[in-house]
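Novice:
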Amino acid sequence: MSTALITGPTAGIGKSIAYQLAEKGYDLFLVARREDRLQDLKSDIENKFQVRVHYLKSDLASPDAPQEIYDYGKGMNLDISTLILNAGYQINTKLEEATLQEEEDCLRVLGLSVIMQSKLYIKDLMSRGGGHIMVVSSMAGFSPPSTEFAILYGPVKTFMNRFVEALNGAYNKNNIYSTALCPGFTVTEFHTMSGTQDRMDKVPSFMKLSADQVAQEGIDGMFKNKEIVIPGNLNRLLISVLRFFPTGAIKWIGNKIAGGRYK
Ligand SMILES: NC(=O)c1ccc[n+]([C@@H]2O[C@H](COP(=O)([O-])OP(=O)(O)OC[C@H]3O[C@@H](n4cnc5c(N)ncnc54)[C@H](OP(=O)(O)O)[C@@H]3O)[C@@H](O)[C@H]2O)c1
């Protein structure tokens with residue numbers, strides 16, 4: 000079986016995707032910073048499923064990371080057919096408060112590393128006759144950007160959705176299909192890691208999905224060659240009616256659900 004590269008498999012959505020792809024028989028190439036978790040994942044997944052798991056400790060905020068990851072995979076002779084570009088976080092500060100380095104790191108992880116990894120693998124996917132690229136984006140890519148904290152997060156996710164569209168436009172003819180998985184509120188470590196757990200706690204539970212459900216809908220959509228996957232019936236309904244709402248109304252509702260995003 001071919002190999003799926005997954006960034007950010009040590010928690011949340013990426014971890015669920017790792018287990019679900021292993022269950023489907025994919026070998027895995029896992030990339031994240033926390034090596035102890037990568038090692039545990041390798042042992043657990045190889046015990047549970049008949050697959051090989053490779054991993055590389057790597058910080059995607061480093062400009063060298065995409066090339067290092069690619070070179071490592073080449074060195075191991077991995078036949079990578081599927082890229083799951085999922086790693087991410089947000090900066091819970093105002094634009095003027097974060098340092099230039101903090102903003103650059105976050106933009107690299109959420110945006111530039113996704114583009115560079117896709118670029119590096121595209122020729123290999125063409126030579127092997129096709130493949131899949133999933134970018135884990137966000138519903139934030141469709142909503143008005145936050146005016147208070149993490150104001151670049153939504154715009155970068157919009158860019159990632161457009162990047163996926165561009166990849167499809169250029170490479171569907173080579174049998175390479177890209178998917179932007181756009182989750183809404185999902186129960187993972189994302190909010191604790193970014194210091195926004197208090198806001199997440201205020202979100203009604205019927206609006207939250209599990210990482211397993213998001214992963215499953217993402218994988219199903221990816222293998223059906225869908226360009227955009229919004230997991231959850233309620234989220235799909237929200238996105239389809241959002242375009243008829245004035246921006247002011249969306250911000251008002253956004254603040255009611257998880258206050259602090261807009262002033
Ligand atoms: N949770 C939500 O409500 C939600 C909603 C919409 C979209 N998303 C998107 O979903 C994706 C996954 O997030 P999640 O919710 O599953 O969060 P999570 O539970 O915090 O997992 C984030 C993963 O990204 C990895 N990561 C973070 N920074 C990294 C770096 N510099 N280098 C390498 N790996 C890094 C982490 O691994 P290490 O720390 O081990 O490096 C971890 O495995 C993100 O792109 C996020 O924007 C999440």
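Residue numbers (numbering that gives the first Met the number 0): 0 to 262.
Built from N, CA and C at the ideal position, the CB exists for glycine as well.
Since the structure is predicted, the reported quantities are computational estimates derived from the model, not experimental observations.
Would you list the residues sitting across from M133 in a DSSP beta bridge?
Specialist: The residue given as residue 133 occupies position 134 in the sequence shown. According to DSSP, M133 bridges with I83 and T178.
Novice: Just confirm the distance between the C-beta atoms of K41 and Y25, as a whole number of angstroms; I'd bet it's less than 8 angstroms.
Specialist: Counted from its first residue, the sequence shown places residue 41 at position 42. Counted from its first residue, the sequence shown places residue 25 at position 26. Incorrect: roughly 14 angstroms between the Cβ atoms, too far for contact.
Novice: Express the C-alpha separation of P230 and L237 in angstroms, rounding to a whole number.
Specialist: As a position in the sequence shown, residue 237 is number 238, starting the count at 1. As a position in the sequence shown, residue 230 is number 231, starting the count at 1. Straight-line Cα distance between these residues: approximately 11 angstroms.
Novice: Taking the straight line between their C-alpha atoms, what separation do you get for A86 and P8?
Specialist: Translated into the one-based positions of the sequence shown, residue 86 becomes position 87. Translated into the one-based positions of the sequence shown, residue 8 becomes position 9. Spanning the two alpha carbons is a distance of roughly 8 angstroms.
Novice: Smallest Cα separation from K255: which of R198, E216, P245 and E147?
Specialist: On the sequence shown, position 256 is the one that residue 255 refers to. K255 has its Cα closest to that of R198, out of R198, E216, P245 and E147.
Novice: Answer with buried or exposed for N234, where buried requires no fewer than 16 other C-beta atoms within 10 angstroms of its C-beta.
Specialist: Translated into positions along the sequence shown, residue 234 becomes position 235. Result: buried.
Novice: Given 7 angstroms as the limit, tell me if Y88 has its C-beta closer than that to any heavy atom belonging to ligand 1.
Specialist: Within the sequence shown, residue 88 is the residue found at index 89, counting from 1. Answer for Y88: yes, Cβ within range of ligand 1.
Novice: Kindly examine ligand 1 and report whether one of its heavy atoms sits closer than 7 angstroms to the Cβ of F189.
Specialist: Counting from 1 along the sequence shown, the entry for residue 189 is found at position 190. Indeed, a heavy atom of ligand 1 lies less than 7 angstroms from the Cβ.
Novice: Under 6 angstroms Cβ to Cβ from Y176, same chain only, skipping five residues before and after it: list those, please.
Specialist: Here residue 176 refers to the residue found at position 177 of the sequence shown. For Y176, where only same-chain residues beyond five positions count, the Cβ hits under 6 angstroms are H131 and N224.
Novice: Which term fits Q196, buried or exposed, when burial requires 16 or more other beta carbons within 10 angstroms of its beta carbon?
Specialist: Counting from one through the sequence shown, the residue named residue 196 turns up at place 197. Residue burial is scored here from C-beta neighbours: Q196 has fewer than 16 other C-beta atoms within 10 angstroms and is therefore classed as exposed.
Novice: Tell me whether the stretch 103-117 and the stretch 56-73 touch, counting them as touching only if at least three CB pairs, one residue from each stretch, are closer than 8 angstroms.
Specialist: yes
Novice: Ignoring anything shorter than 3 residues, give me the beta strand (DSSP E) runs that lie fully in the stretch 5-50, in order along the chain.
Specialist: As far as the stretch 5-50 is concerned, its whole beta strand (DSSP E) runs of at least 3 residues are 26-31.
Novice: Looking only at C-alpha atoms, which of L99, L241, V135 and M0 sits nearest to E22?
Specialist: Within the sequence shown, numbered from 1, the residue matching residue 22 stands at position 23. Among L99, L241, V135 and M0, the Cα nearest to that of E22 is on M0.
Novice: What is the C-beta distance between K250 and P144, in whole angstroms, given that I count them as a contact (C-beta under 8 angstroms)?
Specialist: Working through the sequence shown from its first residue, we reach residue 250 at position 251. Working through the sequence shown from its first residue, we reach residue 144 at position 145. Going by Cβ atoms, the distance from K250 to P144 rounds to 10 angstroms, so no, they are not a contact pair.
Novice: Can you tell me whether A149 is helix, strand or coil according to DSSP?
Specialist: Taking the sequence shown and counting its residues from 1, one reaches residue 149 at position 150. Reduced to three states, the DSSP call for A149 is coil.
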